[in-house]
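Beneath this line is the structure, given in structure tokens, with notes to follow.
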Amino acid sequence: MGDRTRRAPLTSLRSLLASPVLPAARGLLGCALSAGGVTVRITEVEAYAGTAGDPASHAHRGRTPRNAVMFGPAGHLYVYFTYGMHWCANVVTGVEGEASAVLLRAGSVVSGLEVARLRRRSTVDRDLARGPARLCQALGIDGTAYGTDLLGTGPVQLRPPAVPVPDAQIAAGPRVGVTGAHDREWRFWIAGDPTVSAYRRHVPRKGPGQL
DNA sequence: TGATGGATTACA
DNA sequence: GTAATCCATCAA
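Numbering (mature numbering (1 follows the signal peptide of the UniProt record, and there is no 0)) for the first sequence: -24 to -1, 1 to 187.
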């Protein structure tokens, strides 16, 4: 228990995640996320308010079995299954009951490159964790990791960056794949990073896209 | 109970 | 541009 140099940063990351979702989202950039023998540096995230007037949040309509972990303490993993085939990962933020979370949209693989390549089939390294579902696939994250305390010793672990990403290097824009609330620039990414996913406005399944 | 659309990705 | 493919949510 004499090692403060490892514990102090985790404590500080814990409190960062317990802060409001926008600063928490920014602070997640540059963090290392490890699972299944692969580590990625987080390069792109999106903030989702919980019950507080964000129609795009999975917690907007209140607590359900699927989003229950969002209502718990910050720093836990919220994973959900979508489009019948993809898993996406979020970090719970804020105070208990607030249900805000940050979607991890992209990262660059910093270790476990060969394992990640195997999980992702043939693709260029830049695309290994470029996109929320690709990131989960590269790390082998699925529903079994639901609720994991990311700052503990569980199957998915989050660690702060050695050097925080300078604020001047953080870019912001509207969230990807979200139907409404395009006025909110709640997507953050590391400016110039090649692993950031391309912005596409959400396309409705049927009918012409209207604004 | 049935319909609808989704915080996506791969491929034509 | 569209298929793939399961699930949460909503209307009736």
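We put the CB at the ideal spot given by N, CA and C, even for glycine.
Three-way DSSP call (helix, strand, coil) for residue i in this model
i	result
Cys64	strand
Val85	strand
Asp169	coil
Thr120	helix
Val91	helix
Val45	helix
Arg135	strand
Gln186	Note that Gln186 scores a pLDDT of 39, beneath 50, so its modelled location is shaky and nothing firm can be said.
Ser(-13)	helix
Arg96	coil
Ala1	helix
Leu9	strand
Pair within 8 Å by beta-carbon distance, residue i and residue j
i	j	result
Ala32	Arg151	yes
residue 189	Ser173	Residue 189 is absent from the structure shown; the chain starts at -24 and stops at 187.
Ala23	Leu(-15)	no
Ala114	Arg96	yes
Thr15	Ala8	yes
Leu111	Ala65	yes
Val20	Arg81	For the record, residue 20 in the displayed sequence is Glu; it is not Val. In contact: Glu20 and Arg81 (Cβ atoms closer than 8 Å).
Ala(-7)	Ala77	no
Thr58	Ala105	no
Gly12	Gly116	yes
residue 207	Ala167	Look at the range of the chain in this structure, -24 to 187, and you will see that residue 207 is not part of it.
Pro(-5)	Gly70	yes
Ala1	Asn43	no
Beta-carbon proximity list for residue i, same chain, < 7 Å, skipping 5 on both sides
i	result
Gly73	Phe47
His52	Val45, Val68, Gly123, Thr124, Asp125, Leu126
His158	Pro150
Gln145	Ile166, Ala167
residue 188	In this structure the chain extends from -24 to 187, so residue 188 is not present and cannot be described.
Arg102	Pro170, Thr171
Pro131	Ala11, Ala121, Thr124
Residues near residue i in its chain [Cβ-Cβ closer than 8 Å; skip 5 each side]
i	result
Ser(-13)	Pro136
Pro140	Gly3, Gly6
Per DSSP, the bridge partner or partners of residue i
i	result
Ala23	Val78
Tyr59	Tyr59 is not bridged to any residue.
Asp125	His52
Gly149	Arg163
Val15	The identity of residue 15 in the sequence shown is Thr, whereas the question assumes Val. Paired residues: Ser10, Ser87.
Arg106	Ala82
Residues near residue i in its chain [Cβ-Cβ closer than 6 Å; skip 5 each side]
i	result
Ser10	Gln133
Tyr54	Val45, Met46, Asn66, Val68, Ala77
Asp118	Trp63
Val91	Gly13, Val14
Arg39	Phe47
Residue i CB to nearest heavy atom of the ligand PLP below 7 Å
i	result
Arg151	Among the ligands in the structure shown, none appear at all, so the ligand PLP cannot be discussed.
* To do: Could you say if the region 84 to 92 and the region 24 to 31 meet the contact criterion of at least three C-beta pairs nearer than 8 Å?
  => no
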